[in-house]
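Numbering (UniProt numbering), first residue to last: 1 to 42.
No residue lacks a Cβ here, since even glycine has one placed at the ideal position from N, Cα and C.
Only one structure is covered here, and it is reproduced in the block below.
Structure, rendered in C-alpha coordinates:
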(Lines of atoms letter the chains of each structure in order from A and count residues from 1; the text may use other names and numbers.)
(Lines give C-alpha, C1' and ligand atoms only; values in the text may rest on other atoms or scores of the structure.)
Protein backbone atom coordinates (compact mmCIF):
# COMPACT_ATOMS: atom_id res chain seq x y z
CA UNK A 1 0.00 0.00 0.00
CA UNK A 2 1.45 3.41 -0.87
CA UNK A 3 2.69 5.49 2.07
CA UNK A 4 0.31 8.32 1.18
CA UNK A 5 -2.75 6.08 1.51
CA UNK A 6 -1.48 4.52 4.72
CA UNK A 7 -0.90 7.99 6.20
CA UNK A 8 -4.44 9.01 5.16
CA UNK A 9 -5.99 5.93 6.80
CA UNK A 10 -4.06 6.41 10.03
CA UNK A 11 -5.13 10.07 10.12
CA UNK A 12 -8.77 9.09 9.60
CA UNK A 13 -8.57 6.74 12.58
CA UNK A 14 -6.94 9.44 14.73
CA UNK A 15 -9.67 11.90 13.70
CA UNK A 16 -12.27 9.39 14.96
CA UNK A 17 -10.53 9.23 18.32
CA UNK A 18 -8.82 5.86 17.89
CA UNK A 19 -5.70 5.66 20.04
CA UNK A 20 -4.71 2.03 19.48
CA UNK A 21 -4.69 -0.28 16.47
CA UNK A 22 -4.62 -4.03 16.94
CA UNK A 23 -2.90 -5.63 13.98
CA UNK A 24 -3.51 -9.11 15.44
CA UNK A 25 -2.02 -11.91 13.35
CA UNK A 26 -1.04 -9.72 10.42
CA UNK A 27 2.30 -7.96 10.93
CA UNK A 28 2.45 -4.62 9.20
CA UNK A 29 5.20 -3.15 7.08
CA UNK A 30 7.93 -1.13 8.81
CA UNK A 31 6.54 2.09 7.30
CA UNK A 32 3.26 1.50 9.19
CA UNK A 33 5.08 1.55 12.51
CA UNK A 34 7.21 4.52 11.44
CA UNK A 35 4.10 6.50 10.51
CA UNK A 36 2.43 5.61 13.81
CA UNK A 37 5.48 6.91 15.67
CA UNK A 38 5.62 10.05 13.53
CA UNK A 39 1.89 10.78 13.82
CA UNK A 40 1.69 10.33 17.57
CA UNK A 41 1.15 6.64 18.14
CA UNK A 42 -1.43 4.14 17.04
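### Message
Please tell me whether residue 42 and residue 10 are closer than 8 Å, where the distance is taken between their beta carbons.
### Response
The residue you call residue 42 lines up with position 42 of the chain shown. The residue you call residue 10 lines up with position 10 of the chain shown. Taking 8 Å as the Cβ cut-off, residue 42 and residue 10 qualify as a contacting pair.
### Task
Express the C-alpha separation of residue 37 and residue 20 in angstroms, rounding to a whole number.
Counted from its first residue, the chain shown places residue 20 at position 20. Counted from its first residue, the chain shown places residue 37 at position 37. If you take the alpha carbons of residue 20 and residue 37, they lie about 12 Å apart.
### First through last residue of the alpha helix (DSSP H) which encompasses residue 28
Counting from one through the chain shown, the residue named residue 28 turns up at place 28. Per DSSP, residue 28 is not a residue of any alpha helix (DSSP H), being assigned neither H nor E.
### Query
Which of helix, strand or coil does DSSP assign to residue 10?
For the purposes of this step, residue 10 is taken as the residue at position 10 of the chain shown. In the structure shown, residue 10 sits in a helix (DSSP, three-state: H, G or I).
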